[in-house]
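> So in my numbering, spot 228 of the sequence shown is number 265, and the numbers just go up one at a time. Mind having a look at this structure? Questions to follow.
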Amino acid sequence: MTDDLAPQATEDNPASPAPPSHPQQQEMRLAVVHGQPVLQIPQDLYIPPDALEVILDAFEGPLDLLLYLIRRQNLDILDIPVADITKQYVDYIGGMHEMRFELAADYLVMAAILAEIKSRMLLPRVSNEEGAEEDPRAELVRRLQEYERFKKAAEDIDSLPRMERDTAAAQAHVPDRAVVRMPPPVELKEMLLALRDVFKRAELFTQHAIRRDALSVRQRMGELLERLADGGFHRFETLFDATEGRPGVIVTFLGMLTLAKEQLVEIVQDAPMAPIYVKSLALMKDAAEIALSSEFDSDANDAA
């Protein structure tokens, strides 16, 4: 009997569809009330027609609103149809009152000005001394043109790139680096000019030697290294003893050149015609171990 009551799949009574193999997507919740999700809007919910109205146009004042109404209809600002513009302006203010928006008193003043201009347009106009009739709209047109110029200037300024709005200042930490500044090399010409000054000072002293001592370039090289043993820079002129006269100056200069050739001293100068400085490149403990030899020893003795 159970089989007789079971529905049969025929053309008039098709079989009921099988349940879907995949679960249906969960309905979107509209709200949550007391922890329970609301999936559908209640049938008895009353929504007023003016419950939500979006105002997209925002104006900075009555002149801005008036200029918007003129530009929206592509009207000539020098020939304003006062009647139409006044009606649109008053309708806009009335709509704002209906939506309970508080308007500044300037909007109401502009509405009164438009109404006055509209009434003056209907009256006969008085000609001035030149015979031209005065246009009641002239003062309003002047104010609109001036406002439009300032508004355009403000828009141009606002379109300029602005810090923190269009651009951002990049900041990066630069680690401290020890910069080693290599002193510039010294030309031989500069050394000869400095040597000339030493010669001038040496000529101020008169030698009254009874016998002539042999001057050794190698010995003078060792003396120079001892004077430069502190590792600091010494003025070129201070390394010469003017009391020794011209021979002593020559021997000291040859010894200095030999030490520079052997890379035992460093001769530097910051700029042309600047003072020349000499610094030892040999350590104190190695000064006695350095084998000093010079090819000028025999020549220096002959010059002495």
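We put the CB at the ideal spot given by N, CA and C, even for glycine. Please read these numbers as outputs of a predicted model, since none were measured by experiment.
Measuring alpha carbon to alpha carbon, tell me which of Ile107, Gln208, Leu100 and Met258 ends up nearest Asp34.
Outside the shown range of the chain, which is 38 to 341, sits residue 34, and nothing can be said about it.
> Give every residue of the same chain whose Cβ lies closer than 8 Å to the Cβ of Pro118, excluding the five residues on either side of it in the sequence, and list them in chain order.
Leu112
> I need the DSSP call for Ala68, collapsed to helix, strand or coil.
Note: Ala68 maps to strand in three-state DSSP.
> Let me check understanding here. Comparing Cα to Cα, which of Phe242, Arg179, Leu232 and Thr289 lies closest to Thr280?
Out of Phe242, Arg179, Leu232 and Thr289, Phe242 has the C-alpha closest to the C-alpha of Thr280.
> Taking the C-alpha atoms as reference points, what is the distance between Lys226 and His210?
45 Å
> Would you call the CB atoms of Leu104 and Tyr126 closer than 8 Å?
no
> To the nearest angstrom, how far is the alpha carbon of Leu100 from that of Gln182?
10 Å
> Looking only at its own chain, which residues have a Cβ that is under 6 Å from the Cβ of Val288, when we skip the five neighbours before and after it?
Result list for Val288: Leu252, Val254, Arg257 and Ala337, in chain order.
> Alpha helix (DSSP H) containing Pro99: first to last residue?
Pro99 to Arg109
> Among Tyr184, Leu261, Lys316 and Gly132, whose alpha-carbon lies nearest the alpha-carbon of Glu97?
Tyr184
> Please state whether the Cβ-Cβ distance between Ala311 and Gly282 is less than 8 Å.
no
> I'd like to know if the segment 260-274 and the segment 291-304 are in contact, where contact means that at least 3 CB-CB pairs between them fall below 8 Å.
yes
> Sort out for me which residues DSSP pairs Met200 with in a bridge.
For Met200, DSSP records a beta bridge to Thr204.
> Anyone know if the C-beta pair for Leu115 and Val178 falls short of 8 Å?
yes
> Between Leu230 and Phe290, is the Cβ-Cβ spacing less than 8 Å?
no
> Please go through the segment 267-327 and give each complete alpha helix (DSSP H) segment of 4 or more residues, from N-terminal end onward.
282-298
> Does DSSP put Val254 in a helix, a strand or coil?
In the structure shown, Val254 sits in a helix (DSSP, three-state: H, G or I).
> Determine the burial state of Gln306: buried for a count of at least 16 other Cβ atoms within 10 Å of its Cβ, exposed for fewer.
buried
> With burial defined as no fewer than 16 other Cβ atoms inside 10 Å of the residue's Cβ, what is the status of Ile78: buried or exposed?
exposed
> Helix, strand or coil for Gln61 per DSSP?
Low confidence applies here, because Gln61 scores a pLDDT of 47, under 50, leaving its location unreliable and the question unanswered by this model.
> Are the beta-carbon atoms belonging to Val286 and Phe277 less than 8 Å from one another?
yes
> Using three-state DSSP, classify Gln182 as helix, strand or coil.
helix
> For a cutoff of 8 Å on Cβ pairs, would you count Phe277 as touching chain D?
Here chain D cannot be found, since the structure has a single protein chain.
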